[in-house]
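Data block below; observations after.
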Amino acid sequence: MNRFEKMSQSYAQMEQIRESVKGLVREAKQGFERRETEILRDVTLTHVGQKQQLDKVRAQYLNQLLGQLKSAKKEFDKISDSAVAFADEILLAEPEKPSAAVEAEFERRLTALKTDTVLAANTKTGLSKLEAFVNTIDNPYFARKMMAEFPALAASFVDKDVSSQLKLGHINMKLTNVASTEEQKQAQQIKESALSKKDQPLIPEYDQYYNVATKTFGHQVADYLRNPEAYSSQE
474 MNRFEKMSQS YAQMEQIRES VKGLVREAKQ GFERRETEIL RDVTLTHVGQ
524 KQQLDKVRAQ YLNQLLGQLK SAKKEFDKIS DSAVAFADEI LLAEPEKPSA
574 AVEAEFERRL TALKTDTVLA ANTKTGLSKL EAFVNTIDNP YFARKMMAEF
624 PALAASFVDK DVSSQLKLGH INMKLTNVAS TEEQKQAQQI KESALSKKDQ
674 PLIPEYDQYY NVATKTFGHQ VADYLRNPEA YSSQE
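Mapping of the sequence shown onto my numbering: residues 474 to 708, in sequence order.
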């Protein structure tokens, strides 16, 4: 697999872990409820005895669930870091360099643009020429070369009003958009999503499984689900 495929696979595994955690909660709840039914049907136990047994069984399932959740979070964070690392490799990759002839033609046109902007009758005319040139760029390699030239070109327009400054910002945004390949754009999205999800609980408070876990096992599991790192440090 190439880097993009590895990144996509890691991100998919993150989603699989998030879904699997719900299954852990469901299994723990069902297991506890089966034991609860058995205990409540045990006629040899007093009311106090039933309560003691229920507390003991609940604690057993809670500890088991917390252990599973901690393992899942550890694996989730590891895979998240992997997805981000692959994304960074993609983002740092240089775009493919075109042929020498194509690059020479670009340089010729760029030199002509610099002359045209200097000789332009006014800022508006110069900006129009700059925008027209940028609109012809559809190659990330040339977009990056143009971005390196952009500050000097922008500075050459002396009489810049608010409208001109906004125009320059708009032109620069076009360059920035073209400067990344489609894979890099997707990698950036995946990186941001992976980092965001790493900082989120595996089961957020608004999720039905959060309610199931907290109603069945109490505040300890709620504390963990809200903030695994903080809960672990308090143990």
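Even for Gly, the Cβ is constructed at its ideal location relative to N, Cα and C.
Predicted, not measured: the structure shown is a model, and the values here were computed from it.
Judged by their CB atoms, R476 and I563 are nearer to each other than the 7 Å cut-off. Listed in chain order, the alpha helix (DSSP H) elements of length 4 or more contained wholly in the region 642-692 are 655-671 and 681-690.
Under the criterion of beta carbons closer than 8 Å, A545 and V494 qualify as touching, at roughly 5 Å. For N595, the secondary structure class from DSSP, reduced to helix, strand or coil, is coil.
The continuous stretches of alpha helix (DSSP H) do not include K633, and DSSP gives it neither H nor E. Separation of the CB atoms of K633 and T596 is rounded to 6 Å, and the pair is thereby assigned contact status at 8 Å. For Q486, the closest of K670, A686 and K502 by C-alpha to C-alpha distance is K670. Relative to V591, the option among V516, P674, F579 and L626 whose CA is nearest is L626. Per DSSP, L518 lies in no alpha helix (DSSP H) segment and is marked neither H nor E.
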